[in-house]
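Visitor: Please read through the structure below; I'll follow up with questions.
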Amino acid sequence: METTREIINMRCFSWCLMRISAGIWTIISRRTVTNPARDLKDDEDFIESNKMHGINGFLYGNLPGLSICQGNKIHWHLFGLGNEVDTHSVHFHGQILTAQNRHTDTVSLSPGSSTTAEMVADNVGHWLLTCTVNDHLMAGMQALFEIKKCFPNVHKPRPHGEHRTFFIAAEEEVWDYAPTPTDDEEAEAFLTRGKNRIGSRYKKVRYVEYSDNTFMTKMLRTPEELHLGILGPVIRAEEKDTISVVFKNKASRPYSMQPHGVQYSVEQDGTLYFNELEESYTEKRLRELKKQPRVVTPLPAALVKPGSVYTYEWTVPIGAGPVQGEADCLTYLYYSAVDPVKDTSSGLVGPLLVCRPGSLKKGVQKHYDKEFHLLATVFDENLSWYLDENILTFTSAPTTVNKEDEDFIESNKMHAINGFVFRSLPGLTMCKGNKVTWHLSGLGSESDINSLYFQGNRFIYLQNRRDSINVFPHISHTVTMEPDSMGQFEVVSPTVSNYRGGMRANYTVEKCGLFQRQSEIMLHSKTYYIAAVEIEWDYSPSRIWETENFRGQESPGSVFLDKQAGFIGSRYKKVVYRQFTSDKFTKQVERTADTEHLGIMGLMIHANVGDKVKVVFKNMASRPYSIHANGVKTDTPDVYHTKPAINGQMYGNLDGLNMEVGDKVYWYLMGMGTDVDIHSVHWHGHSAEYKLGGGPHRTDVYELFPATFQTLKMRPQYPGTWLLHCHVTDHIKAGMITTYTVTEKDVASTTCTTTCTTSVPTDLPHDLVS
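So the sequence shown is numbered by the working numbering: it starts at 165 and just counts up by one.
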């Protein structure tokens, strides 16, 4: 009989120091400190020690009660709370889950977000449940869950597909992050070798493919595989297939192979943790009679010693592949997990594809002309096993190197795509009109919430057309593209720190047919006159909302808004886009009540599919600026680069978000900024719909990341003034909060605001916003 259980939430707790300050006196009473409570609360190590990376308040496998019978259907209810660092990639070892109608083994969470994942418990053993974000994993965000045999026993049929065998070794080599010279000034901090700088070359370890189990002949990479860079060979399999990986460790320390997206027995788990194997009743009784503790030695799969060979066996069960509306193959990673943080920082990671039946021919995808894999991550060489060796080898004065120096630490953080920085990645070449599949993955720590932007062309992701997408650590996506713009373009992480750090690559779309041309014939055109205008902008012109909300206590807004003690206050000189009536740029278009909510943003440009938009731009500011648009084509591939607030307003100062009961309201969400600009947009009182994978999804919290965009549709039902805010703790405290107002329907009124249906062209694809 099928049973259903409902389990778990996830949260990273950060204790309030005020609650424990009274106990500090006892803890350090032997110290000669004048005010121990005050001194300790300012100590960085003490502050860090009180950040408990817990799952339901437990760390390092201490969460009790996660025991499941084989055959049960499990609902995991996952939610996150906290701050900018509280982005989580929740990984269930050895299992396949269904979340948002898609198959996966890892679910991403942000502060204020929640989801439900369904799992059939058919893989017996003690399994690891963890957040795979590096900092959280190291800090103990780990739990164990048990799938046990209950009566009656459940028979799990073995898949009967193709058996695919790979021969892979871990090998050490010197890797150059920038083999192509660059004149980018920002590259010097990362690539210049010196007395106490390593430069662009580091000793690393890579997965390398061989032809057979003698490990004598390497498989040379084809031109189509050059772009893989530091990544290991691509492992591809279809549903029902069995994968055997003969792994030889040719490196100088223990490594392993740990996959995502497939199933394996607990003995085949490549992660070094206390995954207790089943103990027979007789063995247990004898041990208890002798009063002996149970000793669990590392499994051979989790720790392959130097010079040793181990054969992994993974299966792709029915129901693990893509669902209808997805691309032919789901993208995953495999990696070494003896120490997941140090092993991956040292270079051991590769792509794994789980494909729908019949989509592979001779081991490669048969429905696409090109297949590309991109891993966007900051390789932190400070966490590499080979840091000391790299210092000795590549710095000219190794004895002078201070590994705690902030500039030295920063110089070893390589903002890379496939192990290359500053446009050094080779091999991303395709023809106009090719069917291209891109397999995009993330890896790393809290700062590795990366967005990838494809300049010049758009792609399809879960039946949505986009040109940017975000990737979390250990979260992967498959997107498809038929490039229609020719030239050399960039694929970049547009977050400020990553872009400046060199997370950029070039891809080229070539003319491969006699009748291909660059431009398309557009039947309709629209012209906008836009100028860059310098103004004085007030982020909080009224402080009534803020002072009322924090009455009787110190307002967190004071540090941002008060003009005292050397601080600027709420008023800043800014430059904004403003619309003019003609190319003379003498008369500015006045904003109406319907567009008042745009705040610091420029005008809203509307266009239908097939329209040509012409922007006449005048720079009326005091320094160079330009305009670049996401989600559209340009006539040239050239692009000229360019306070916690909502549309430039803080603490409830954004006006104009007004609607009536029953209106069809479209919310256009746009994220910009750096790696701390993760936002969980929360509407109080109402929920909104967005399209993903062909079907609508309803939520009242939407996760937004830098350089990503989303359109959501709402039908307000409840009159009142409702809160709209970011759920990230620091952001809401700092003023990223406003209100929207829903009024009763006035049947006599014919006035329509910008949120009404008629304000949006009826043939505009509402699932797109740029």
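Here a beta-carbon is modelled for each residue, glycine too, at the ideal position from N, C-alpha and C.
(1) Please confirm whether Leu395 and Asn582 have their CB atoms less than 9 Å apart.
(2) Just the Cα atoms here: how many angstroms apart are Val473 and Arg400?
(3) Indicate the three-state DSSP secondary structure (helix, strand or coil) for Val284 in the structure shown.
(4) Smallest Cα separation from Tyr532: which of Gly246, Lys567, Met645 and Asp612?
(5) CA-CA distance, Gly304 and Lys312?
(6) Expressed to the nearest angstrom, what Euclidean distance is found between the alpha-carbon atoms of Gly522 and Phe623?
(7) Measuring only the C-alpha atoms, how far is Cys740 from Arg755?
(8) When DSSP labels each residue in this structure, what does Ala162 get in the three-state scheme?
(9) Taking the alpha-carbon of Leu626 as reference, which of Val660, Asp569 and Pro860 has the nearest alpha-carbon?
(10) So what does Arg361 bridge to, in DSSP terms?
(11) Starting from Val542, trace the beta strand (DSSP E) both ways and give me its first and last residue.
(12) Kindly indicate which residue of Pro418, Lys506 and His850 has the alpha-carbon position closest to the one of Leu463.
(13) If you draw a straight line from the alpha carbon of His805 to that of Phe586, how long is it in whole angstroms?
(14) In angstroms with no decimal places, state the Cα-to-Cα distance between Thr559 and Gly606.
(15) Tell me whether Asn670 sits in a helix, a strand or coil according to DSSP, three-state version.
(16) On the criterion of 16 or more Cβ atoms from any shown chain inside 10 Å, does Glu350 qualify as buried, or is it exposed?
(17) Do His846 and Leu887 come within 9 Å of each other at the CB atom, strictly closer than that value?
(18) What residue does the alpha helix (DSSP H) around Phe731 start on, and which one ends it?
(19) So within the stretch 603-645, which uninterrupted beta strand (DSSP E) runs reach at least 3 residues, ignoring any that extend past its ends?
(20) I need the boundaries of the alpha helix (DSSP H) containing Lys506, first residue and last residue.
(21) Nearest to Asp405 by CA position, among Gln752, Arg787 and Trp478, is which residue?
(22) For Thr593, does the three-state DSSP call read helix, strand or coil?
(23) By Cβ distance below 6 Å, which residues in the same chain neighbour Gly767 in space, the five residues on each side in sequence not counted?
(24) Would you list the residues sitting across from Ser500 in a DSSP beta bridge?
(25) Please return the same chain residues whose Cβ sits closer than 7 Å to the Cβ of Glu867, not counting the five positions on each side in sequence.
(26) Taking 8 Å as the threshold, find out whether the stretch 643-661 comes into contact with the stretch 597-617 through three or more Cβ pairs.
(27) What is the DSSP secondary structure of Asp910, reduced to helix, strand or coil?
(28) Can you give, in chain order, each stretch of the alpha helix (DSSP H) that sits fully within the stretch 252-318 and has at least 4 residues?
(29) By Cβ distance, which residues of its chain are closer than 7 Å to Asn287, with the 5 residues on each side in sequence left out?
(30) Within a Cβ cutoff of 6 Å, which residues of the same chain sit near Thr914, ignoring the five residues on either side of it in sequence?
(31) Going by beta carbon distance, what residues of the same chain come within less than 7 Å of Tyr371, once the five residues before and after it are set aside?
(32) Leaving aside the five residues before and after Leu589 along the sequence, list all residues of the same chain whose C-beta is less than 7 Å from its C-beta, in chain order.
(33) Would you mind sorting Leu450 into buried or exposed? The rule is 16 or more other CB atoms within 10 Å of its CB.
(34) Within a Cβ cutoff of 7 Å, which residues of the same chain sit near Thr158, ignoring the five residues on either side of it in sequence?
(35) Considering only residues of the same chain and omitting the five flanking positions on each side of Val561, which have a CB-CB separation below 6 Å?
Guide: Walking through what the data contain:
(1) As a first step, residue 395 must be located in the sequence shown, where it is residue number 231. As a first step, residue 582 must be located in the sequence shown, where it is residue number 418. Yes.
(2) Within the sequence shown, the letter at position 309 stands for residue 473. Within the sequence shown, the letter at position 236 stands for residue 400. Roughly 22 Å separates the two Cα atoms.
(3) Position 120 of the sequence shown, counted from the start, is the residue given in the question as residue 284. Residue state, collapsed to three classes: strand.
(4) Along the sequence shown, read from residue 1 onward, the residue named residue 532 stands at position 368. When only C-alpha atoms are compared, the closest one is Met645.
(5) Along the sequence shown, one-based indexing puts residue 304 at 140. Along the sequence shown, one-based indexing puts residue 312 at 148. Each residue's Cα considered, the two are about 25 Å apart.
(6) Translated into the one-based positions of the sequence shown, residue 522 becomes position 358. Translated into the one-based positions of the sequence shown, residue 623 becomes position 459. Straight across, the Cα-Cα distance linking Gly522 with Phe623 is about 24 Å.
(7) By 1-based counting over the sequence shown, the position of residue 740 is 576. By 1-based counting over the sequence shown, the position of residue 755 is 591. The displayed chain sequence assigns Val, not Cys, to residue 740. Approximately 14 Å between the Cα atoms of the pair.
(8) A question about residue 162 goes unanswered here, because the residues of the chain that appear run from 165 up to 934.
(9) For the purposes of this step, residue 626 is identified with residue 462 of the sequence shown, where counting begins at 1. Residue Pro860 is the option with its Cα nearest to Leu626.
(10) Sequence index remark: in the sequence shown, residue 361 carries index 197 (1-based). Per DSSP, Gly358.
(11) The residue given as residue 542 occupies position 378 in the sequence shown. Boundaries of the beta strand (DSSP E) harbouring Val542: Lys534 to Asp544, taken from the DSSP string.
(12) Taking the first residue of the sequence shown as 1, we reach residue 463 at position 299. Among Pro418, Lys506 and His850, the Cα nearest to that of Leu463 is on Pro418.
(13) The count along the sequence shown starts at 1 and reaches residue 805 at position 641. The count along the sequence shown starts at 1 and reaches residue 586 at position 422. Annotation note: pLDDT 32 at His805 (below 50); position unreliable, coordinate value reported separately. Their Cα atoms are separated by approximately 15 Å.
(14) Within the sequence shown, numbered from 1, the residue matching residue 559 stands at position 395. Within the sequence shown, numbered from 1, the residue matching residue 606 stands at position 442. The alpha-carbon separation between Thr559 and Gly606 amounts to approximately 30 Å.
(15) Taking the sequence shown and counting its residues from 1, the one referred to as residue 670 is at position 506. The answer is strand: DSSP assigns Asn670 an E or B state.
(16) The sequence position of residue 350 within the sequence shown is 186, counting from 1. With fewer than 16 other Cβ atoms within 10 Å, it is exposed.
(17) Working through the sequence shown from its first residue, we reach residue 887 at position 723. Working through the sequence shown from its first residue, we reach residue 846 at position 682. A contact, by the Cβ cut-off of 9 Å.
(18) As a working mapping, residue 731 is identified with position 567 in the sequence shown. For Phe731, there is no enclosing alpha helix (DSSP H), as DSSP gives it neither H nor E.
(19) Whole beta strand (DSSP E) segments, 3+ residues: 614-618, 623-625, 628-630, 632-635 and 640-645.
(20) The residue you call residue 506 lines up with position 342 of the sequence shown. That run of the alpha helix (DSSP H) goes Pro504 to Ser510.
(21) Mapped onto the sequence shown, residue 405 falls at position 241. Proximity to Asp405 across Gln752, Arg787 and Trp478 peaks at Trp478, based on C-alpha coordinates.
(22) For the purposes of this step, residue 593 is taken as the residue at position 429 of the sequence shown. Shown here, Thr593 sits in a strand according to DSSP, grouped into three states.
(23) The residue labelled residue 767 in the question sits at position 603 within the sequence shown. Here residue 767 is Leu; the residue named in the question, Gly, does not match the sequence. Excluding five sequence positions before and after Leu767, the CB atoms of its chain that fall closer than 6 Å to its own CB belong to Gln743, given in chain order.
(24) Along the sequence shown, one-based indexing puts residue 500 at 336. In the DSSP output, where bridge partners are listed per residue, Ser500 has none listed.
(25) Reading the sequence shown from its first residue, position 703 is the one you call residue 867. Counting only Cβ-Cβ distances below 7 Å, and skipping sequence neighbours, we find Ser274, Ser277 and Ser844.
(26) At 8 Å Cβ cutoff, the stretches touch.
(27) On the sequence shown, position 746 is the one that residue 910 refers to. Correct three-state label for Asp910: coil.
(28) The qualifying runs are 298-302.
(29) Position 123 of the sequence shown, counted from the start, is the residue given in the question as residue 287. Excluding residues within five positions, the ones whose Cβ falls inside 7 Å are Gly258, Gln259, Ile311 and Gln427.
(30) Residue mapping note: residue 914 aligns to position 750 of the sequence shown, counting from 1. The predicted model places Thr914 with a pLDDT of 43, which falls under 50 and marks its position as unreliable; any figure quoted below should be read in that light. Excluding residues within five positions, none has a Cβ falling inside 6 Å.
(31) Your numbering for residue 371 matches position 207 in the sequence shown. Same-chain partners within the cutoff: Ile332, Ala334, Gly396, Pro397, Leu512 and Gly514.
(32) Within the sequence shown, residue 589 is the residue found at index 425, counting from 1. If the five residues before and after Leu589 are omitted, its C-beta is found closer than 7 Å to the C-beta atoms of His391, Gly393, Ile581, Asn582 and Ala669, all from its own chain and listed in chain order.
(33) Along the sequence shown, read from residue 1 onward, the residue named residue 450 stands at position 286. Around the CB of Leu450, fewer than 16 other CB atoms lie within 10 Å, so the residue is classed as exposed.
(34) In this structure the chain extends from 165 to 934, so residue 158 is not present and cannot be described.
(35) In the sequence shown, the residue the question calls residue 561 occupies position 397. Residue 561 is actually Ala in this sequence, not Val. Cβ within range, chain order: Lys359.
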